[in-house]
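Take a look at the structure set out below.
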Ligand SMILES: C[S@@+](CC[C@H](N)C(=O)[O-])C[C@H]1O[C@@H](n2cnc3c(N)ncnc32)[C@H](O)[C@@H]1O
């Protein structure tokens, strides 16, 4: 039989100092350093600093993961600016990293929802989807009352349909009334309202 | 580590452990767990990992393994270099043993290459069972009587034990997929099967698992996930490869910069 027998063998492993190796010229070393750095929140500042310069996709991914593992409001803050990146891959990477630390993101939500950049507000709505907080539907409702870009409203409506309840209905109707000429938003609101009503306790759907 | 959807399940298992240990309250149980009284940490882990599995599960991937993946991998090997296959999580062993049987049955080159198969799981109870290799009807339901005859011996009524020779062809080790210190020593594999586990993880654990899997693959090595799982939604580290029988993921051959 050519299958190798199950005798034990185990190569030795080594663990270099992560913070120093984060700036190595070798992407492999930076990758290993970023991965190890996620074990300890003291590496937060070093990770945040190298994230700005990192050009290797794979290493950047490991830095995002390390920051997501640290999962403090500070590590979320280090990732948030990358939601503004011109590079779609970096934006997606940042969004995924933030999704992986929902509790840490909470502290920054109100600021992200008030951001001057509509894209950032839209992504912030999406982040609420993963946040388990009984107040989350209320944040979205308050946001919907004042948001002036229809697309961003549609994103908020979409998340609200998932995490909200019938108490959100008046907000939805007011939002629809503010954008009478936007058929897409009107449709999104109708779908959301139907869903919220269908999920209401005592509903017969 | 578990998502909200698994919460009920986790709660049930914790309640079971509380009852089993005779703890008087959750806090009382938690104190036992923290002090690892009577090895409770291990029992606790074992209680809430889902182990359901069977031989030749999702066998289209095994077809893909022998029609495409291994041929691709052997082309990159130096003569005499072993092919390495990792089954994580392997649960009670059905998956790694299936791989061994499948190779012997369906890969004409099996005699020309050394193949090393390792099965790993976080749950030491299932690993014990895997090493013993005794299975019931349910686990064997997808195997033909001919295959059962060929690779098993009757152990007791309704139970079959996998042949010694095959048992010795799979090495079982305890590994937590999110612990890099546990995954790294296993070295680089040509093909990893990581099926029906990542779905239970939260986003952060999934990312760590993906990075560990990446490190445990040789460049160009393949990763097979369960059919409901998609690496594209977890991590951009891998390439998607569409073969006639299955979609699998691959660690890129060259490192892309930027
Ligand atoms: C449903 S089985 C999957 C078995 C086999 N791969 C299959 O698809 O049939 C899931 C296994 O994952 C294991 N598991 C859960 N968390 C793990 C972890 N962090 N590391 C390694 N194994 C884990 C459980 O112990 C369980 O045996």
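Protein chains in written order, with our numbering: chain A, 5 to 209; chain B, 12 to 269.
Note that the Cβ used here is the ideal one computed from N, Cα and C, for glycine as well.
Note that the coordinates shown come from a computational prediction; the quantities given were computed from them, not determined experimentally.
- Contact of residue 95/A with chain B is not assigned, every C-beta pair being separated by 7 Å or more.
- Here DSSP, grouped into helix, strand and coil, assigns residue 183/B to strand.
- In the three-state reduction of the DSSP assignment, residue 35/A falls in the helix class, which pools H, G and I.
- A residue is called buried when at least 16 other Cβ atoms come within 10 angstroms of its Cβ; residue 87/B does not meet this threshold and is exposed.
- At a C-beta separation below 8 Å, residue 23/A has no neighbours in chain B, since its nearest C-beta there lies roughly 17 Å away.
- Bounds of the alpha helix (DSSP H) holding residue 82/A are 77-83.
- For residue 137/B, the shortest C-beta to heavy atom distance toward ligand 1 is below 6 Å.
- Interface criterion met: the Cβ of residue 111/B is under 7 Å from a Cβ in chain A.
- Closest by C-alpha distance to residue 121/A, out of 106/A, 26/A and 89/A, is 89/A.
- Residue pairing by DSSP places residue 132/B opposite 185/B in a beta bridge.
- For chain A, the residues of the region 231-263 of chain B that bring a beta carbon within less than 8 Å of one of its beta carbons are 246, 247 and 248, in chain order.
- At least one CB atom of chain B sits nearer than 7 Å to the CB of residue 69/A.
- Counting C-beta atoms within 10 angstroms of its own C-beta, residue 260/B has 16 or more neighbours from the protein chains shown and is therefore classed as buried.
- Just so you know, the alpha carbons of residue 192/B and residue 209/B end up roughly 19 Å apart.
- Assignment of beta-bridge partners to residue 126/B by DSSP yields 7/A and 94/B.
- Annotation: residue 129/A to residue 149/A spans about 14 Å, alpha carbon to alpha carbon.
- In this structure, residue 200/B sits near residue 232/B, with a CB-CB distance shorter than 7 Å.
- Cβ-Cβ distances below 8 Å link residue 142/B to 104, 178 and 183 in the same chain, with the five nearest sequence neighbours on each side left out; the list follows chain order.
- With its beta carbon at least 7 Å from every one in chain B, residue 192/A lies outside the interface.
- Going by DSSP, residue 264/B is part of no alpha helix (DSSP H) at all; its letter is neither H nor E.
- For residue 214/B, the neighbours in chain A by C-beta distance under 7 Å run, in chain order, 103 and 104.
- For residue 114/A, the secondary structure class from DSSP, reduced to helix, strand or coil, is helix.
- Counting only the Cα atoms, residue 258/B lies some 35 Å from residue 164/B.
- Minimum Cα-Cα distance from residue 100/A among the listed residues 65/A, 176/A, 200/A and 151/A corresponds to 65/A.
- Relative to ligand 1, the beta carbon of residue 27/A is positioned no closer than 6 Å to any heavy atom.
- Closest in alpha carbon position to residue 115/A, among 138/A, 25/A, 80/A and 161/A, is 80/A.
- With respect to residue 234/B, residue 224/B sits close: the two C-beta atoms are nearer than 7 Å.
- At least one heavy atom of ligand 1 lies closer than 6 Å to the C-beta of residue 100/B.
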